[in-house]
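Participant: Handing you a structure now.
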Amino acid sequence: MTDDTKPLLTGGCQCGAVRFAFKTTPSKVSICHCRMCQKATGAPFASFAEIDRENFAWTRGRPGTFRSSTIAERFFCAACGTPLGFGRIDGPRIEIMTGSFDRPDRVVPTRQYGTESRLGWVVGISNLPSQTTMQNYGPEKMATITSHQHPDHD
């Protein structure tokens, strides 16, 4: 990606030390339930947007890496720990965690993988009682919270 190319999608880690840009739309957006993704994210599943490396750029900083298997490496912010994605070692594509996009609503999963490790309760989470953050904490507590998170833009 060249500096004069306006990115289609952008994102980054929680502290802002690592930022990235997509030049084109992802070739695939998916959810992975495999045990390796569960461990890498500390969550019941991971959600990724895949793109050819030639259409992707780290625009600020460089992520730390961890070779989680003989075929893949995981990317994360070494400063704040945010999981950012993974790629096959020397492979042509990279997969970026959808929650790290500035506009995660624009990267909607269309398939699932690793379903042999899908936790049984995941299927029903949309039916659980829910609250907004404001409802959970209340306006008084929310007024005392200062976020140290990087904004969802540069």
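According to the numbering used here, the sequence shown is numbered sequentially starting from 44. We put the CB at the ideal spot given by N, CA and C, even for glycine.
How is Pro147 classed by DSSP in three states: helix, strand or coil?
Facilitator: Here residue 147 refers to the residue found at position 104 when the sequence shown is read from its first residue. DSSP places Pro147 in helix when its eight states are reduced to three.
Participant: So, do the segment 144-160 and the segment 67-84 have three or more beta carbon pairs nearer to each other than 8 Å?
Facilitator: In short, these stretches touch, since the Cβ pair count reaches three.
Participant: Restricting to Cα atoms, I'd like to know which of Met185, Pro126, Lys66 and Thr158 is closest to Lys82.
Facilitator: In the sequence shown, counting from the first residue as 1, residue 82 sits at position 39. With distances taken between Cα atoms, Lys82 lies closest to Pro126.
Participant: Rounded to whole angstroms, how far is the Cβ of Gly54 from the Cβ of Asp145, which I believe are closer than 8 Å?
Facilitator: For the purposes of this step, residue 54 is taken as the residue at position 11 of the sequence shown. For the purposes of this step, residue 145 is taken as the residue at position 102 of the sequence shown. That pair is a contact at about 5 Å.
Participant: Would you kindly work out how many angstroms separate the C-alpha atoms of Ala64 and Ala100, rounded to a whole number?
Facilitator: For the purposes of this step, residue 64 is identified with residue 21 of the sequence shown, where counting begins at 1. For the purposes of this step, residue 100 is identified with residue 57 of the sequence shown, where counting begins at 1. Those two C-alpha atoms are separated by around 5 Å.
Participant: Can you tell me whether DSSP reads Met44 as helix, strand or coil?
Facilitator: Taking the sequence shown and counting its residues from 1, one reaches residue 44 at position 1. At Met44, the pLDDT of 48 sits below 50, so the modelled position is not reliable; the number obtained from the coordinates is stated separately. It is coil, neither helix nor strand.
Participant: Pro135 and Phe118 - do their beta-carbons sit closer together than 7 Å?
Facilitator: Here residue 118 refers to the residue found at position 75 of the sequence shown. Here residue 135 refers to the residue found at position 92 of the sequence shown. No. Outside cutoff.
Participant: Quick one: give me the first and last residue of the beta strand (DSSP E) that Arg103 is part of.
Facilitator: As a working mapping, residue 103 is identified with position 60 in the sequence shown. Counting along the chain, the beta strand (DSSP E) containing Arg103 begins and ends at Phe99 to Arg103.
Participant: The alpha helix (DSSP H) spanning Arg78 covers which residue range?
Facilitator: The residue you call residue 78 lines up with position 35 of the sequence shown. Run containing Arg78: Arg78 to Thr84, per the alpha helix (DSSP H) assignment.
Participant: Let me make sure I understand the geometry here. Which of Arg78, Thr175, His196 and Thr84 has the alpha-carbon closest to that of Ile139?
Facilitator: Here residue 139 corresponds to residue number 96 of the sequence shown, with the count starting at 1. Nearest C-alpha to Ile139: Thr84.
Participant: On the criterion of 16 or more Cβ atoms from any shown chain inside 10 Å, does Arg96 qualify as buried, or is it exposed?
Facilitator: Along the sequence shown, one-based indexing puts residue 96 at 53. The residue is exposed, with fewer than 16 neighbouring Cβ atoms inside 10 Å.
Participant: When you compare only the Cα positions, how much space is there between Ser160 and Ile94?
Facilitator: Looking up residue 160 in the sequence shown gives position 117. Looking up residue 94 in the sequence shown gives position 51. Whole-angstrom Cα-Cα distance: 25 Å.
Participant: Among Asp195, Gly163, Leu51 and Arg62, which residue has its Cα nearest to the Cα of Gly128?
Facilitator: For this step, residue 128 is matched to residue 85 along the sequence shown. Among Asp195, Gly163, Leu51 and Arg62, the Cα nearest to that of Gly128 is on Arg62.
Participant: For Ser111 and Cys80, what's the separation of their Cα atoms in angstroms?
Facilitator: Counting from one through the sequence shown, the residue named residue 111 turns up at place 68. Counting from one through the sequence shown, the residue named residue 80 turns up at place 37. The straight-line gap from Cα to Cα measures roughly 10 Å.
Participant: Let me know the secondary structure DSSP gives Pro106 once reduced to three states.
Facilitator: Taking the sequence shown and counting its residues from 1, one reaches residue 106 at position 63. Note: Pro106 maps to coil in three-state DSSP.
Participant: With respect to the beta strand (DSSP E) encompassing Gln155, which residues constitute its N-terminal and C-terminal limits?
Facilitator: Counted from its first residue, the sequence shown places residue 155 at position 112. Arg154 to Tyr156 is the extent of the beta strand (DSSP E) around Gln155.
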